[in-house]
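These notes concern the structure reproduced below.
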Amino acid sequence: MPKKITRIVLTGGPAAGKTTFVSRILHEFKQEDGWRVINIPETATELISGFGIRPFGNCMTMLQFQDFVVADQLHKEKLALDAAQIVSEDNILILYDRALLDDKAYITDEEFAQVLARFGLSESEVLAGYDAVIHLVTCAKGAEFAYNLGNEARTESLESAREMDDRTLRAWSGHSNLKIIDNAIDFEEKMNRALREVYRILGEPEPQISKRKYLIEMPDLKALVEKYKAMPLDMMQTYLTQVNPSIDRRIRQQRNGQNYLYFYNEKHFMDDGTKWDTEKPISEKEYIRYLMQGDSHLHPVYKTKYRMIYRDCRVEIDVYPFSEDRAILFQYTADGKTPLPPEIRVIKEVTGDPNYKNKQLARVQALND
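The sequence shown stops at residue 368 when you use numbering that gives the first Met the number 0, and every number in between is there.
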């Protein structure tokens, strides 16, 4: 069977949610389900932070800097395509955190054409190298209150962020499969809309939008694996000490095939009662450093998540080591009316019940009726 390789660019202005969305995709498309996500991090940031190559001061002009960016980007994109042919999975998603056309937002059109020409490329050839582009609109347009959440070091003003968002969108406007995700509702829905676009691009069934949660009797997990091909995923979530009373911090370790992925998450509680999540992938070394900040009043939450499809709806069952006869089930449906598998025995619905949220489970380590 030939490999299916899909190349998606993730772009947008400052504070658009790109880093959190990368985490969401890594969480969604796992090796256990036959996927390999190859994530190409933002090239300009790597050159500035890792090599000290920067278009500021007396180092070099912005135009000279673009030569470095394009050279490094082309090299990484070739490596990603080579790796896609080598890995064992047949479904490959190459995710670009910004890509070549983003450089066009920082120089004139004529200068950008000159840079590409030095590498023997035209703009149309570059655009043809990506299957789709998802533009996340900056929070500076419609969600200004969240502009600095998760990045206190952000230096761009709101006006500058809006301008860069416009310039970036214009740079990618020539792509035939450009998706624009604005801040029309809230951040969680923004991430969900972007994720649905990824499923559409991949030609996969879209995740349903209604999420319901149930306390259930422990099912026969082996039977679910055999009948519904339920895939187990081991996870551990650790809450960190609070440095701000309105922010919950946590880290997550998640098995991915024979390896692990690591994430840092912040849940911001706004004055108007709304919540705002930011998340980013982190290295194993960063994860270990964060473990030293673990909240000693809360237990780490270990669980194995079994994910399966029943009647075109996703079902997830969280199994905890502290409960032998109870589990938590999540059902994702369009209208909340799709029945659950007949093997499931529901004790009660607990959608929105704080007693069954992860932080409470970290306190009590029990699933009570």
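For glycine and all other residues, C-beta sits at the position ideal for the given N, C-alpha and C.
Would you decide whether V314 is buried or exposed? Buried here means 16 or more other CB atoms lie within 10 Å of its CB. That one is buried.
DSSP-derived helix/strand/coil call for D311: coil
Sub-9 Å separation of M234 and Q257 beta-carbons: For M234 and Q257, no; Cβs fall outside 9 Å.
Could you say which of L126, D352, V242 and Q63 lies nearest to G293 if we only look at CA atoms? Residue V242 holds the alpha-carbon nearest to the alpha-carbon of G293 among L126, D352, V242 and Q63.
Which residue wins for smallest C-alpha separation from K336, given the options E203, G173, I47 and Y309? Y309
Residue burial classification, C138 (beta-carbon count within 10 angstroms, cutoff 16): buried
Pairing CB atoms from the segment 320-330 with CB atoms from the segment 207-227, are three or more of them under 8 Å? yes
So what does DSSP say about E285, is it helix, strand or coil? Helix, per DSSP.
Which partner residues of H134 appear in the DSSP bridge assignment? According to DSSP, H134 bridges with T10 and I179.
Alpha-carbon spacing of A152 relative to T18, whole angstroms: The predicted model places A152 with a pLDDT of 45, which falls under 50 and marks its position as unreliable; any figure quoted below should be read in that light. Spanning the two alpha carbons is a distance of roughly 15 Å.
Report yes if the CB atom of L177 is closer than 9 Å to the CB atom of L94, and no otherwise. The beta carbons of L177 and L94 sit no closer together than 9 Å.
Assuming contact is defined by CB atoms lying nearer than 9 Å, are I39 and K3 in contact in what I supplied? no
With C-beta atoms as the reference, is M230 less than 9 Å away from E31? yes
Specify the secondary structure class of H26 as computed by DSSP and reduced to three states. helix
Hey, I37 and L92: beta-carbon distance below 9 Å or not? Their beta carbons are under 9 Å apart, which means I37 touches L92 by this criterion.
Would you call G351 buried or exposed, if buried means 16 or more other Cβ atoms sit within 10 Å of its Cβ? exposed
Touch check for the segment 99-119 and the segment 77-90: three-plus C-beta pairs under 8 Å? The answer is no - the segment 77-90 does not touch the segment 99-119, with fewer than three Cβ pairs under 8 Å.
DSSP-derived helix/strand/coil call for D334: Of the three classes helix, strand and coil, the one that applies to D334 here is coil, per DSSP.
Alpha-carbon to alpha-carbon, E187 and Q364: A direct Cα-to-Cα measurement between Q364 and E187 gives close to 27 Å.
May I have the straight-line CA-CA distance separating F268 from D247, to the nearest angstrom? 8 Å
My guess is that G11 and D164 are in contact by the Cβ rule of under 8 Å, so how many angstroms apart are they, rounded? 6 Å
Report the residue from R35, L194, L62 and V125 whose alpha carbon sits nearest the alpha carbon of A43. L62
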